[in-house]
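Please read the structure below before turning to the comments.
2 protein chains.
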Amino acid sequence: MGRRAVHDREALLDAAIELFARGGAQAVTMAALARHCAAPSGSIYHRFPDRAALLAAVWLRTTERFVAELVTVLGDTPDPARGIEAAVWCVDWCRAHAAEAQVLHAGATAFAPEGWSAADRHNWDSDNTALRTLLARTARSVARQAEIRADEAAFAMFDLPLATVRPHLAAGRGIPESASDLVGRLAARILGSPA
Amino acid sequence: MGRRAVHDREALLDAAIELFARGGAQAVTMAALARHCAAPSGSIYHRFPDRAALLAAVWLRTTERFVAELVTVLGDTPDPARGIEAAVWCVDWCRAHAAEAQVLHAGATAFAPEGWSAADRHNWDSDNTALRTLLARTARSVARQAEIRADEAAFAMFDLPLATVRPHLAAGRGIPESASDLVGRLAARILGSPA
DNA sequence: GGCATACTAGAGAGAGGTCTCTAATAAAAA
DNA sequence: TTTTTATTAGAGACCTCTCTCTAGTATGCC
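These protein sequences, in sequence, are chains A and B. Just so we're aligned, residue 1 is where the first sequence starts under my numbering, counting upward by one. Just so we're aligned, residue 196 is where the second sequence starts under my numbering, counting upward by one.
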């Protein structure tokens with residue numbers, strides 16, 4: 001099968017995410033990645049045809065991992081209690097994955113998707129529509145049972161945890177345990193369950 | 196008094212904010228700003244000693260303007276009703292100032308404050324402590340009257356509107372009117388006033 | 001008018017990043 | 001062993017950006 005890889009794709013992406021967490025997208029350069037991994041630039045270009053492909057891969061792998069876990073947390077037929085759990089889980093995930101949380105929190109636009117290849121753009125689109133339908137379905141289901149509006153339920157489950165986590169990520173701090181508590185309380189208040 | 200300025204400081208900052216809204220901090224280069232204003236690079240460097248000073252000015256002017264208006268909205272002795280107004284006002288401000296909202300939403304770290312001059316860093320520090328004490332005082336006052344915790348009140352007044360606005364900013368869309376409604380309802384629910 | 005001043009104007013050096021290209025190398029397959 | 005192939009290795013052309021430096025120009029004041 002040819003020579004065994006010293007720098008495999010996953011390790012390079014891990015390093016790229018690390019660079020991103022430290023200095024934002026502008027710190028994720030092919031040259032910086034090569035330095036950080038002590039790899040020659042050729043090895044980087046062997047995996048990623050250009051910088052846009054690297055940035056796309058950082059975004060896509062991170063979001064896909066996050067959503068895959070989120071799906072299992074939400075389960076098949078989410079109710080308000082499950083919605084609160086999901087909100088708290090988002091906070092806990094950010095605490096456990098500090099660097100990837102920075103990626104998520106920066107949003108796709110930080111990775112210059114306008115420069116991505118057609119294939120990467122397509123993957124991004126499918127991820128987006130899949131996520132949107134998942135969230136819409138979940139929000140509707142929870143909102144019906146909690147007797148509130150769907151946009152309120154959606155906020156409580158997804159925007160609320162990200163908003164709580166955001167100041168800590170921006171400051172480069174870790175996420176305190178109290179953030180999970182706060183999200184649990186607020187989500188409970190919005191979703192109307194006993195606090 | 197010397198020659199009249201063709202490119203004055205405020206106009207350059209407006210242009211820089213425009214560039215930021217379109218392409219993030221990496222798009223705010225001295226060269227790009229010069230191109231965008233059809234000014235020679237010398238004129239840019241006449242106003243801003245280096246790129247870090249430009250980025251600092253973009254951040255500082257934007258936040259100082261926002262906070263100055265916020266102070267008047269909050270008034271002297273904020274109560275829960277005033278807190279809800281402030282939350283909705285944040286959303287309306289973002290709608291009315293799309294480009295500056297992008298700056299605010301990106302956070303200071305997007306402007307590489309580690310490279311700022313000592314003077315700019317100092318201004319940033321004072322702004323921060325002033326804002327923090329303002330928010331803490333407001334949150335305490337509102338929380339006492341609403342009989343909730345201070346961190347919950349702070350969330351409802353400041354993090355909540357930013358979180359609601361965030362997805363729209365990230366997508367490059369304008370802020371819909373419905374966002375103001377949503378924030379009003381959620382803030383009312385958290386602050387415990389009649390919805 | 002003449003002078004001082006504040007600004008415009010833009011060339012150019014130097015640094016760093018992107019990407020291409022060729023050669024070397026290690027491991028699996030024949 | 002020989003061949004094939006995936007990968008490492010890194011030199012180098014090209015581009016863009018930052019920042020410096022010198023010269024030119026318009027305006028207010030004496």
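In this text, a Cβ means the ideal position worked out from N, Cα and C, and glycines have one as well. No experiment lies behind these values; they were computed from the predicted model shown.
* Close beta carbons around B/H231, own chain, < 8 Å, minus the five adjacent residues each side -> A210, E213, L214
* What is the DSSP secondary structure of A/T77, reduced to helix, strand or coil? -> coil
* Under 7 Å Cβ-Cβ, which residues of chain A neighbour B/T168? -> The shown model of chain B, from 196 to 390, leaves out residue 168 of chain B, and the question about it has no answer.
* Under 9 Å by beta carbon: chain A residues contacting B/L392 -> Here chain B covers residues 196 to 390 and nothing more, so residue 392 of chain B does not appear.
* How would you call A/D120, buried or exposed, if buried means at least 16 neighbouring beta carbons within 10 angstroms? -> buried
* Compare the beta carbon distance of B/S373 and B/V283 with 8 Å and say whether it is the shorter of the two. => no
* Asked: Does the beta carbon of A/L186 come closer than 8 Å to any beta carbon on chain B?
  -> yes
* Asked: Got a sec, what are the start and stop residues for the alpha helix (DSSP H) A/H212 sits in?
  -> Because chain A here runs from 1 to 195, residue 212 of chain A falls outside it and cannot be looked at.
* Does any C-beta atom of chain A lie closer than 8 Å to the C-beta of B/A390? -> Confidence at B/A390 is low in this model, with a pLDDT of 39, below 50, so its placement is unreliable and no value can be given for it.
* Check A/S117 in the structure and name its three-state DSSP category. => Three-state result, A/S117: coil.
* Closest Cβ-Cβ distance between B/D354 and chain A: below 8 Å? -> yes
* To do: Can you give me the Cβ contacts of B/G270 inside the same chain, cut-off strictly under 7 Å, excluding the 5 residues immediately before and after it?
  => Around B/G270: R277.
* Any C-beta of chain A sitting closer than 8 Å to the C-beta of B/R384? -> For B/R384, the answer is yes, since a Cβ of chain A falls inside 8 Å of its Cβ.
* Which residues in chain B sit within 9 Å of A/A119, going by Cβ to Cβ distance? -> Those within 9 Å of A/A119 in chain B number zero; the least Cβ separation is about 22 Å.
* To do: Could you pull the start and end residues of the alpha helix (DSSP H) that B/G387 belongs to?
  => Counting along the chain, B/G387 falls outside any alpha helix (DSSP H), and DSSP gives it neither H nor E.
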